[in-house]
Amino acid sequence: MNQKQFESRVRQTIKKYNLLKKSDKVLVAVSGGKDSMTVLYLLKKFGYNVSALHINLEMGKWSEMHLQNIKQFCKELKVPLHVYSVRKEFGRSMCSIKSIVKSRTKLQDCTICGILRRWLINKKARELGMNKLVTGHNLDDASQTILMNYFKGNLFIGLNEGPYVGIIQDKKFVQRVKPLYFIPEKEVEKYSRLMKFPVIYERCPCVVGAYRHEIRGMLDDIEKENKNIKANIVMSFMRILPELREKAEKIKPLYCKTCGEPGRNEICRACSIMQYIK
Ligand code: AMP
Ligand code: ZN
């Protein structure tokens, strides 16, 4: 895929699934990785009304370098940037939160970080008055998640898959969209390197040993023989997703008794984690 083809694939996804309108207030959640930096650049280039949000995980040098890159990139692109720190929001660095929570639960590093990030990002996006929240999820992320859900024997936890998330329609949930959803990770990396984006290409140091990592390796191995495997997994899941959602749409969102944020339980997953770090 060349530069033009890459850009037009992203445009097509936005158009086909009606992900964004020019009148939307779009907030891009940027980690500083290639995916979120690429999507930020493209949405600005396509003329959307974009701002960026970054959660500083306070993981030492790693976080400092990402923050520096994001600040520089947003300045170049003339995109307003909102930064929130986990130390300010939750009272501790992400490493410290994880080590406490892991000693008391069976939750994995990425799960803990993901739950708290999603909770904070949705809350801040809503408070900032945004109506669309963009993430950098790509085809590899999607195929891994779908397969992990199959292996757990629970396809319903895949309801957040698809280029737009809309299981529970609620005024407290900001609509999440994923313009890179059908693009293979290596194509995103190729584009990001070609464009010389200020990006660190190493994976998060905490991802080592994670279950997702094993699934990634397995899919990459099979892909050598069957180059469509990731797209096949995602496209076949996309075909049954509307029916899964139809069943789930009957679920009414509950507001967490502790924090008031929307979720599926009386106490949301973020608060059930936060109880250990108070
Ligand atoms: P991950 O769960 O690490 O695969 O990240 C998925 C998406 O969440 C990324 O593509 C970003 O859009 C967003 N994201 C991840 N980490 C952060 C962060 N520290 N701050 C803001 N957004 C993030
Ligand atoms: Zn809560």
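Take any residue in the sequence shown, count from 1 to its spot, add 440: that is its number in the working numbering.
Where a beta carbon is used, it is the ideal one built from N, C-alpha and C, also for glycine.
Owing to the predicted nature of the structure, the values given are computational and were not obtained by experimental measurement.
Pairwise C-alpha distance: Asn-589 and Lys-626: Taking the sequence shown and counting its residues from 1, one reaches residue 626 at position 186. Taking the sequence shown and counting its residues from 1, one reaches residue 589 at position 149. If I take the Cα positions, the gap works out to 23 Å.
Whole-angstrom distance between Lys-456 and Glu-642, CA atom to CA atom: In the sequence shown, the residue the question calls residue 642 occupies position 202. In the sequence shown, the residue the question calls residue 456 occupies position 16. Taking the straight line joining both Cα atoms gives about 32 Å.
Proximity test, Ala-565 beta-carbon vs the ligand AMP heavy atom, cut-off 7 Å: Walking along the sequence shown from the start, residue 565 turns up at place 125. Every heavy atom of the ligand AMP is 7 Å or more from the Cβ of Ala-565, so no.
Buried versus exposed, by CB contacts within 10 Å (16 or more), Arg-709: Residue 709 sits at position 269 when you count from the first residue of the sequence shown. Buried is the call here.
Continuous beta strand (DSSP E) stretch holding Gln-445: start and end: Here the question's residue 445 lines up with position 5 in the sequence shown. Here Gln-445 belongs to no beta strand (DSSP E); instead the alpha helix (DSSP H) covers 443-456.
CB contact flag (Ile-655, Gln-548, <8 Å): Here residue 655 is taken as the residue at index 215 of the sequence shown, counted from 1. Here residue 548 is taken as the residue at index 108 of the sequence shown, counted from 1. Ile-655 places its beta carbon 8 Å or farther from that of Gln-548.
Segment contact flag, the stretch 538-553 with the stretch 629-639, C-beta cutoff 8 Å, min 3 pairs: no
Between the CA atoms of Arg-532 and Tyr-621 - distance to the nearest angstrom: In the sequence shown, residue 621 corresponds to position 181, counting from 1. In the sequence shown, residue 532 corresponds to position 92, counting from 1. Approximately 32 Å, taken between the alpha carbons.
Pocket of the ligand AMP (residues with CB nearer than 5 Å to any heavy atom), chain order: Here the residues come out as Ala-469, Ser-471, Asp-475, Ser-476, His-494, Ile-495, Thr-575, Gly-576.
Cβ-based burial, Thr-545 [other Cβ within 10 Å; buried from 16]: Within the sequence shown, numbered from 1, the residue matching residue 545 stands at position 105. Classification of Thr-545: exposed, given that the 10 Å Cβ count is below 16.
First and last residue of the uninterrupted alpha helix (DSSP H) at Tyr-481: Translated into the one-based positions of the sequence shown, residue 481 becomes position 41. Per DSSP, Tyr-481 belongs to the alpha helix (DSSP H) from 474-485.
Contact test: Ile-707 Cβ vs the ligand ZN heavy atom, cutoff 7 Å: Numbered from 1 along the sequence shown, position 267 holds the residue referred to as residue 707. Yes; taking the cut-off as 7 Å, the Cβ of Ile-707 has a heavy atom of the ligand ZN nearer than that.
Touching by the beta-carbon criterion (3+ pairs, under 8 Å), the stretch 462-472 and the stretch 494-514: yes
Nearest to Leu-599 (by Cα), restricted to the options Asn-562, Met-658, Glu-683, Gln-452: Numbered from 1 along the sequence shown, position 159 holds the residue referred to as residue 599. Of the candidates Asn-562, Met-658, Glu-683, Gln-452, the one whose C-alpha sits nearest the C-alpha of Leu-599 is Glu-683.
Inter-residue CB distance, Val-674 and Leu-595 (contact presumed, cutoff 8 Å): Mapped onto the sequence shown, residue 674 falls at position 234. Mapped onto the sequence shown, residue 595 falls at position 155. Wrong, their Cβ atoms sit about 14 Å apart, outside the cutoff.
Short CB-CB distance (under 8 Å) between Ala-469 and chain C: Note that chain C does not occur in the displayed structure, where there is just one protein chain.
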